[in-house]
Each structure stands twice: as C-alpha cells, then as structure tokens.
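Chains as they are written, first to last, in my numbering: chain P, 4 to 409; chain C, 424 to 568; chain G, 29 to 171.
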C-alpha cells in the first residue's frame, strides 16, 4: 500500500468533544479506511518516574490523577499491588467500601461514555440525559468522600473514610432513583431503529481479534469473551457478593453499548449487596496499620470501567517504590482500531473509535486522513464528527423517521 | 479595550484545549454545559476552532510535546482572546511539577499569556463559573461579589 | 484449587526440567527463562494453554535489566509471569510483535524509556516521547 504523495491536514488539533489530544493517521481509499496508525504520547506525563520519588502512601494521590474518569481504578489496582507485595489482609468492611466506590465509578463512567457516544451520533438529548443522570452519582461521591472527582478513598491496608450507617439510606435512594432511568435509556436505545441501523454491524471485533490485541473490558465482553478480573481473580468484596459477568456475542458498537448499560444495572445489584454488608459488619474497622513495606514485588489488578487496570510494584524495603509499572486498559483496547476501523467508511470512524471508550487521558484525538486515491485530503471543511452525524440523519430519512427521539 | 469590553460581556464562545491532563478538569468543563449548570442558556458554547473563540480554556500541565502546539494555536487565534488556566496542572503544574518529571516543560503562563487562573483538582463547575464571571466583570468594572 | 494445580502441572510437564517454575506466596507463578526460549514459551502459552497477554514490565536492576512478561489464564484463575534477565550493556531481546500485535506498543515503550532493543520490531519511532528526544537518554533507567 503506497503511503507516498499524500497530503495531511490536521482536522482541528483539539476538538471540544475530544477531550485529549489523540493522533491517528487514517489511510483511506476514497471513503473506505484501509489502514490506521496510532500515535500516542501527547498525554505522557512521566508518572512511573514520579512514582519512584514518592512515598508509598503519596503514590496513591499521584495515580489518582492518571485518569479523571476512572479516578479510583488506578489507586484500587495500586493498593492491591502493594497489599499483594506485603501480604496484607484487609477487613471485610474495607472490602465492601472499596467495591461500592468502584461500582459507583463504573456507573458514572459508563453514563459519561453513553453521553459522548450520543453526541458523536448527533443524539444530543442522549448526551444531556446521560450526563444529567450522572450528577447524582457525583453528588454521592461528594457526600461519601468530600469530592465529586478524585475521591481519595483508597489507602494501603484500608480506606481513608468510613461510610457510616447514617449515610446508607441516601445511597440506597440515589441508586433506586437511577435504576428506572437506566432501564429507560437501555430500552430507548434498543428500540430506536435509527440507532440499530447506525451501530449494528459497525466496528465488529472477532474473538480472534480480541485475543491478538489482548483487548479487555467491555470491548472483549461485547465479542463474547467473558473475561473480568472481578470474577476470575476475586478481590475486595467481589467474591462475597452474587453477580454475573455481562457478555454479548455480536462484537459491534451496539453490543459494546448494551454491555456497558447492562453492567450499570449489575453494578447497582453489587452496590445493594455491599450496602447490606456494611450494615452487617461493625462500623469503624476501616484498615490495618501498615508500618513498613518489605522487599519484593507485587501485582495488583482492578476491573476498571474500561477493562483490566494493571499495576506492578517493586520494593527494596525502603519507603519508596523502586519500580512502578502502570498499564491502563486503553493501552490494550485502543490498538483494536487497526482491526475494527479497516473497511469501514469515514462516517463510521468516530463511533468506532468511541466504542472502545478510550480513556481520554491515554490517547490523543487528532485524526489525519490520507486519501490514497486522490493523493490528498478528501475532507475539507467537514470534520469526521459532522460526517458521523450526517450519516445518522440520512439513515433517519431513509427509515422515514422525521421526528427521531434523540 | 472598549472593543474587548463589548465582546466579552456578550455570549462568549469558548475553545477548550487539553495539554496533557487527566481529563478531570475537561469533564467538569463539559459538565458546565449539561443540564445541572447549563451555561448554554447564557449563550456560552464550545466551538470547534480557535479562530471563533473569545475564551481559551486550557487544562493540563503543558508537556514538552504539547508546548509548541499550544503556542502555535495561540498565535493562530484571532485576538483579543482571553486565556483561562483551569485546574492545578494548568495553573502551576500541580502534582506533576517535579524535578524528576522528564515531561515537565514550564508552567502554562510561561508559554502563553494567561488572564485567569482557576485552581482546584479538579475545580468544581461552580468555581469555574465564578472565575469566568469574575474575569468578564473585570471588563465592565462590575464587582463580581 | 485442584484444577489450578493440574493446570500448572500440565505446563511443567510440557517443559520438562528446563524451566524453573516457582510459585509466589501471593498465588502468582513465575517461569525463569533465557531469551532464546522466549518465543517458544509465549507461543505455547498463547496457543496451547489459552493465556492472555496482560502486559510486560522492565526494571533496571543496575547490574542487569529484568523483563517480566505477564500472562493471565482467566478461566483457570492463574497469573503467570515470565522472568528474563538481560545484560546492562546493549540489552536486546527478540520481539514478540509478529506473534502478538499488542506487543508492538509495549515494546516501543520499553525501548524508548529503558533502552532495551527488540530484535525484529518493525517500528523504531518513539511512541510516547517527543520525536526530537535526545538519543541515548532513557528516562526510566536508574542514573
């Protein structure tokens, strides 16, 4: 495939909806994508190096800021790694609180994704509704931890704050209010013929693709690969409550959306059981005292909203890590574009990219188009986003839907 | 500054730029446009091109890789343009300001001129709105209290 | 537990006494390898045993580099790390990128941050660092 004689024009280096700078070179033949190249690094912030200069407990505040959306996922995996290294056993109350915070984060993250996916398709109402239903979760976080984001709940050997019995009715009420809204969103998406036409069969990843790319999280589960760290290697309270791994077989963007929505419902089920657990175990026992971290190495993983979040720590017995390796889930999921975008038209590229739910802080969002036929950029003033929305409108028109629920 | 005072007290258009952030501030900025805070009812909207913007919201600590792009973007913008550094990273570098950090370049204020600093990690939407209103009122001489 | 033991025993049996398979107290497994054995073992784990590649991590031990390749057998609940030691002067190791597309990116990251050379890797460009980053400056190496 010739890559010569091409002209690239950056399609707006920073787009308002593409939070982070992300850089893809898309090689296209007319309207079809033939190859994708991923260039990362605009968000590389040297966190692994910084970690080596911080104390074990300071690192938690650092890794919280790897990603704002999955703000508790990285601390969760990190404390799992250090506790694995030092052989620390945590009390049951800590397990319930950690799982509760992790699942609340999963719901807020999936709703955030749903809103953005809706925006990419031109369904701005979905964007506004999903983000509106997200707000009570953020208010809950503020109630539990004092902050809407960066809740700083994790601590080596425990959690930093208890959830007193008095707060449990508030959490129960918020979850109860959210549940019918999630069901409404799920059925609205499934029943909408325009969305089905738009998302079905788009960006399919086969089981073999999942295996070759090491894809994880909802991306893998939407292709029928039932991997979930919470089930396969139970930690926190996930082995103490009853829940199931959500999978779909189709592997397209619609399947990914439905897996995320159904996971929100399952998270509500887990949260309810954690709240029952918190009522059962005595209040106040929120951690064990940890004085020293011995020499050795530890590996900790957490099923973040995007997939397996991996932390490796190595200690020489001092009060700082010798090495801290962090692998965010999107590092494995983003390269699946090389399989899922190829063969699709430019108007589908945005939603396929979004379908993987790249953790924005790991990836950039600038897409360069190389048209191999005309040896030039074929898109002049319309962006890929506008193409995506235009495709939605034309499908709606074809289906004769003048008034579309959007 | 009379042109500026006329422009900046009407519905300002905002361009959002992330220069190496964890995305928390970016999400809170978008949150300002969603139903709970709904800044769009004041005509404040995000635009897709820096050339249409009155206000540039910058998040992230401006890594070495990003700094030249930020500078180019600022130079491409039509003036007058206000710049707001949102979040601890954009204000001072935050937790990433460290001698060990090989990606650390310089604070944003040394790369482009900054008119407003909104600290916080992340700043709450209310804090961002308050900061922007204070900045805009500074053109009319109105006290934001 | 019994299934896990049978699974590990079947791996041990396939390799015979060439490999040291040790279990960490935390329940994870390690296999210590030489770099010439890497591709064969990885191929076996992926194709015969259905492991998933999780990631790879490199550590600068001052006297040597150590790379760990981490694999997860999700159905069986086994986490296995392959441990390899590389000389500190001009560390190099065969690339896994033609066995596993996902190794393309982690190997690029280890190359630019640690200075480990991956033989046969198709892409020599920086992934995370700026293109004009000075050659020979590997940020994650210990000074």
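The beta-carbon is built from N, C-alpha and C at its ideal position, and this holds for glycine as well.
Mapping the DSSP letters down to three states, classify residue i as helix, strand or coil.
| i | result |
| --- | --- |
| residue 506(C) | strand |
| residue 410(P) | Residue 410(P) lies beyond the range of chain P shown here (4 to 409); nothing can be said about it. |
| residue 155(G) | coil |
| residue 117(G) | coil |
| residue 143(P) | helix |
| residue 563(C) | helix |
| residue 392(P) | helix |
| residue 34(G) | helix |
| residue 100(G) | strand |
| residue 55(P) | coil |
| residue 348(P) | strand |
| residue 474(C) | helix |
| residue 272(P) | helix |
| residue 204(P) | coil |
| residue 183(G) | With chain G represented from 29 up to 171, any question about residue 183(G) goes unanswered, as that position is not in the structure. |
| residue 469(C) | strand |
| residue 382(P) | Low confidence applies here, because residue 382(P) scores a pLDDT of 43, under 50, leaving its location unreliable and the question unanswered by this model. |
| residue 106(P) | helix |
| residue 305(P) | strand |
| residue 219(P) | coil |
| residue 34(P) | coil |
| residue 278(P) | helix |
| residue 296(P) | coil |
| residue 535(C) | coil |
| residue 515(C) | coil |
| residue 160(G) | coil |
| residue 118(P) | helix |
| residue 180(P) | helix |
For residue i, write down the residues that DSSP places opposite it in a beta bridge.
| i | result |
| --- | --- |
| residue 157(P) | 162(P) |
| residue 289(P) | Note: residue 289(P) sits in no beta bridge, so no partner. |
| residue 122(G) | 147(G) |
| residue 39(P) | 29(P) |
| residue 482(C) | 441(C) |
| residue 92(G) | 115(G) |
| residue 49(P) | Residue 49(P) pairs with nothing; no bridge assigned. |
| residue 540(C) | 508(C) |
Who are the neighbours of residue i on chain P, taking C-beta pairs under 7 Å?
| i | result |
| --- | --- |
| residue 458(C) | 131, 135 |
| residue 433(C) | Result: empty, since nearest Cβ-Cβ is about 20 Å, beyond 7 Å. |
| residue 455(C) | Per Cβ cutoff of 7 Å: no residues; residue 455(C) is ~11 Å from chain P at best. |
Using a C-beta to C-beta distance shorter than 8 Å, which residues of chain G count as neighbours of residue i?
| i | result |
| --- | --- |
| residue 313(P) | 82, 83, 98 |
| residue 341(P) | 129 |
Which residues in chain P have a C-beta closer than 9 Å to the C-beta of residue i? List them in chain order.
| i | result |
| --- | --- |
| residue 538(C) | Chain P residues near residue 538(C): none, gap ~19 Å exceeds 9 Å. |
| residue 133(G) | 41, 43, 334, 335, 337, 338 |
Give me the chain P residues within the contact set of residue i, using Cβ-Cβ distance strictly less than 8 Å, ordered along the chain.
| i | result |
| --- | --- |
| residue 528(C) | Under the 8 Å cutoff, chain P gives no residues; its nearest Cβ is about 11 Å from residue 528(C). |
| residue 107(G) | 236, 302 |
| residue 128(G) | 215, 217 |
Check the C-beta distance from residue i over to residue j and give it rounded, since I have them as a contact under 8 Å.
| i | j | result |
| --- | --- | --- |
| residue 313(P) | residue 82(G) | 6 Å |
| residue 490(C) | residue 528(C) | 5 Å |
| residue 110(P) | residue 267(P) | 5 Å |
| residue 70(P) | residue 445(C) | 6 Å |
| residue 297(P) | residue 59(P) | Not a contact, Cβ separation roughly 11 Å. |
| residue 122(G) | residue 61(G) | Not quite, the Cβ-Cβ distance comes to about 11 Å (not below 8 Å), so this is no contact. |
| residue 482(C) | residue 512(C) | 7 Å |
| residue 308(P) | residue 73(P) | 6 Å |
Starting from residue i, find everything on chain C with Cβ-Cβ shorter than 7 Å and list it in chain order.
| i | result |
| --- | --- |
| residue 305(P) | Simply none; closest approach about 17 Å. |
| residue 123(P) | Within chain C, no residue comes near residue 123(P); the closest Cβ sits about 13 Å away, beyond 7 Å. |
| residue 70(P) | 445, 446 |
Identify the contact partners of residue i in chain C, using a Cβ-Cβ distance below 8 Å as the criterion.
| i | result |
| --- | --- |
| residue 115(P) | 450 |
| residue 158(G) | 487, 488 |
| residue 52(P) | 523, 524, 525 |
| residue 167(G) | 525 |
In chain G, which residues lie with their C-beta within 7 Å of the C-beta of residue i?
| i | result |
| --- | --- |
| residue 389(P) | Those within 7 Å of residue 389(P) in chain G number zero; the least Cβ separation is about 30 Å. |
| residue 317(P) | 87 |
| residue 326(P) | 87 |
Which bits of chain G does residue i rub up against, with CB to CB less than 9 Å?
| i | result |
| --- | --- |
| residue 90(P) | 53, 54 |
| residue 196(P) | Per Cβ cutoff of 9 Å: no residues; residue 196(P) is ~36 Å from chain G at best. |
Quick one, which residues of the segment 485-501 of chain C are near chain A if we go by CB-CB under 8 Å, in chain order?
Although the question refers to chain A, the structure presented lacks it and instead comprises the protein chains P, C and G.
Considering only residues of the segment 229-270 of chain P, which uninterrupted alpha helix (DSSP H) runs meet the minimum length of 4 residues and lie entirely inside it, listed in chain order?
232-235
Of all the alpha helix (DSSP H) runs that stay within the bounds of the segment 307-338 of chain P, which reach a length of 4 or more residues?
333-336
Hey, which unbroken runs of the alpha helix (DSSP H) at 4 residues or more fall wholly within the segment 424-464 of chain C?
425-430, 447-454
Curious, which full-length alpha helix (DSSP H) runs of at least 4 residues does the segment 36-86 of chain G contain?
66-71
Curious, which full-length alpha helix (DSSP H) runs of at least 4 residues does the segment 71-102 of chain P contain?
76-89
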